[in-house]
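Each remark here refers to the structure printed beneath this line.
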Amino acid sequence: MAGGNDLKLLGMWASPFVVRVKLALSLKGLSYEYVEEDFSTKSELLLRSNPIHKKVPVLIHDGKPICESSIILQYIDEAFAGTGASLLPADPYERAIARFWAAYIDDKMLAAWTQATKGKTEEERAEGMKQTLAAMETLEGAFSDCRKGKPFFGGDSVGYLDVFLGGLLGWVRAYEKLGVKTFDPEKTPLLVAWAERFWSLEAVEPVMPDVSKLVEFGKMLLARAAAAAAAGEGN
Amino acid sequence: MADGKEGDLKLLGMHVSPFAHRVSMALGVKGVRYEYIEEDLFHKSELLLSSNPVHKKVPVLIHDGRPICESLAIVEYVDEVWSGDGRPAILPADPYERAIARFWASYIDDKFFPAWLGIMRATTEEARGEKVKETQDAVQNLEKAFSEIAGGKGFFGGDTVGYLDLALGCFLPWFGAMRMMFGLEVIEAATAPLLAGWAERFGETAVAKEVLPEPEKAVAYAKKLQAYRASLNK
Numbered sequence: 001m002a003g004g005n006d007l008k009l010l011g012m013w014a015s016p017f018v019v020r021v022k023l024a025l026s027l028k029g030l031s032y033e034y035v036e037e038d039f040s041t042k043s044e045l046l047l048r049s050n051p052i053h054k055k056v057p058v059l060i061h062d063g064k065p066i067c068e069s070s071i072i073l074q075y076i077d078e079a080f081a082g083t084g085a086s087l088l089p090a091d092p093y094e095r096a097i098a099r100f101w102a103a104y105i106d107d108k109m110l111a112a113w114t115q116a117t118k119g120k121t122e123e124e125r126a127e128g129m130k131q132t133l134a135a136m137e138t139l140e141g142a143f144s145d146c147r148k149g150k151p152f153f154g155g156d157s158v159g160y161l162d163v164f165l166g167g168l169l170g171w172v173r174a175y176e177k178l179g180v181k182t183f184d185p186e187k188t189p190l191l192v193a194w195a196e197r198f199w200s201l202e203a204v205e206p207v208m209p210d211v212s213k214l215v216e217f218g219k220m221l222l223a224r225a226a227a228a229a230a231a232g233e234g235n
Numbered sequence: 001m002a003d004g005k006e007g008d009l010k011l012l013g014m015h016v017s018p019f020a021h022r023v024s025m026a027l028g029v030k031g032v033r034y035e036y037i038e039e040d041l042f043h044k045s046e047l048l049l050s051s052n053p054v055h056k057k058v059p060v061l062i063h064d065g066r067p068i069c070e071s072l073a074i075v076e077y078v079d080e081v082w083s084g085d086g087r088p089a090i091l092p093a094d095p096y097e098r099a100i101a102r103f104w105a106s107y108i109d110d111k112f113f114p115a116w117l118g119i120m121r122a123t124t125e126e127a128r129g130e131k132v133k134e135t136q137d138a139v140q141n142l143e144k145a146f147s148e149i150a151g152g153k154g155f156f157g158g159d160t161v162g163y164l165d166l167a168l169g170c171f172l173p174w175f176g177a178m179r180m181m182f183g184l185e186v187i188e189a190a191t192a193p194l195l196a197g198w199a200e201r202f203g204e205t206a207v208a209k210e211v212l213p214e215p216e217k218a219v220a221y222a223k224k225l226q227a228y229r230a231s232l233n234k
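Each protein sequence line maps, in turn, to chains A and B. Residue numbers are given in UniProt numbering: position 31 of the first sequence equals residue 31, and the series is strictly consecutive. Residue numbers are given in UniProt numbering: position 86 of the second sequence equals residue 86, and the series is strictly consecutive.
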């Protein structure tokens, strides 16, 4: 397989941003060495490779680090252009649309989702949920507009936006089990169908995280956030 | 399919919007003509609202009737459509260098911009002090980035302006405005000598001179915004 020992991915099993990169590498058929970072203690390699943000994912290609999931995805697409299918569309206008919605997912949808799950007060979380659902409806509209009847954001086969949103699906399913519904079959039926379709793909299913483990991890994070909020309120 | 011809090209912008300036400068680098439409952000036009229904913001580039939004996505679009034919490239050719350029552009928008904007919007001395520190830290990171990326040359893009020069250079009028309004130097020659040299050099380029307004215009707009916000709080 192309890539070989040249590629190293620093990740953390629960991170949806890391899942994005794993999905892209899997779809391109690229092999790589995966290094699991400890959630609480960051390795020397991580701190050296991503001194600015100190976060995963970091892709290290021939010793050179690339950071930020959207940037890594585009890098994989460009550096391995001859390998497997392209993630981004060929047409510049369609590429601009894909970049627009990727930015929307990270800047609007994720910010709202984080507030919905980790907001300090009941009010904050409710507001976050409201904004998340609004964002999902906007994405439903975008999907309906750009798919032209095809099964994926990328058309007949998976592309950049499918991977971008797909990386989050593990947590979507985990949060559903924790009582936070992100995809509504009535308001966002296309996205619900897309999610099922995406998850069942051969290149996708093995890469997705274990949802029951995410649920446990989610419970732990929520408990931690609640404790921090309670401690804060005591001050 | 884009064939590099100009076609019908409109840019919806605002005279002191640094994000709109990124696009104007990118089009300038490529030598592409377009129709500029000044938006009144207090009374947004039907065209803006229908072209960018999600964010309702400038810049929007409308090419043959199709809108493209988000300044960095627009700059990449311009670079891809008007490539070859002896036109200068905005992003580097090498995938790794492109990744580095995108990383720092993202840093500029996610960390640096909110920090210095925060200085202007702070309502207490304490809050302002915090944002000043954040801005100074970000400038130090950008100073290091410049030294690594420019490799001894004059611009982030090397001998000529590139993606990062546009991404950062668009803020120069607002840095001038902050100097005038707060006596604050965002890029201090003493602590960020490379960036200070770059800022002067960038300001002298043809695209910067053609596109970037005088800081006084930014100051006037800031005052207008302040008055507007004050009226909302009554």
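Ideal Cβ positions, reconstructed from N, Cα and C, are used throughout, including at glycine.
In the three-state reduction of the DSSP assignment, H21/B falls in the helix class.
For E76/B, at least one C-beta of chain A is nearer than 8 Å to its own C-beta. Among the residues facing chain B, C146/A is not included, as its CB has no counterpart in that chain under 8 Å away.
Among the CB atoms of chain A, one or more fall inside 8 Å of the CB of V54/B.
Identification of residues in the UniProt domain "GST C-terminal" (94-225) of chain B having a C-beta nearer than 7 Å to some C-beta of chain A yields P95, Y96, R98, A99, R102, F103, S106, Y107 and N141, given in sequence order. Per DSSP, reduced to three states, the secondary structure at G11/A is strand. A contact between stretches requires three or more CB pairs, one per stretch, nearer than 8 Å, and the segment 209-217 of chain A fails this requirement with the segment 182-189 of chain A.
In the structure shown, the three-state DSSP call for E33/A is strand. Look at K10/B here: in three-state DSSP terms it is strand. The C-beta of P92/A comes closer than 8 Å to at least one C-beta of chain B. The DSSP-derived three-state label of V172/A is helix. Contacts between A73/B and chain A, judged by CB atoms closer than 8 Å, involve A96, R99, F100 and A103 in chain order.
Within a 10 Å sphere around the beta-carbon of N52/B sit 16 or more other beta-carbons, which makes this residue buried. C-alpha of V58/B to C-alpha of V132/B: approximately 27 Å in a straight line. In this structure, DSSP gives L47/A a helical state, which the three-state scheme calls helix. Boundaries of the beta strand (DSSP E) around P67/B: R66 to C69. Between the alpha carbons of A231/A and H43/B lies a distance of about 45 Å. Per DSSP, C67/A is one residue of the beta strand (DSSP E) stretching across K64 to C67. Between the beta-carbon of V56/A and that of E37/A there is about 5 Å, and that keeps the pair under the 8 Å contact cut.
The Cβ atoms of Y163/B and I90/B sit closer than 8 Å to each other. Secondary structure of F183/A (DSSP, three-state): coil.
The DSSP-derived three-state label of F112/B is helix.
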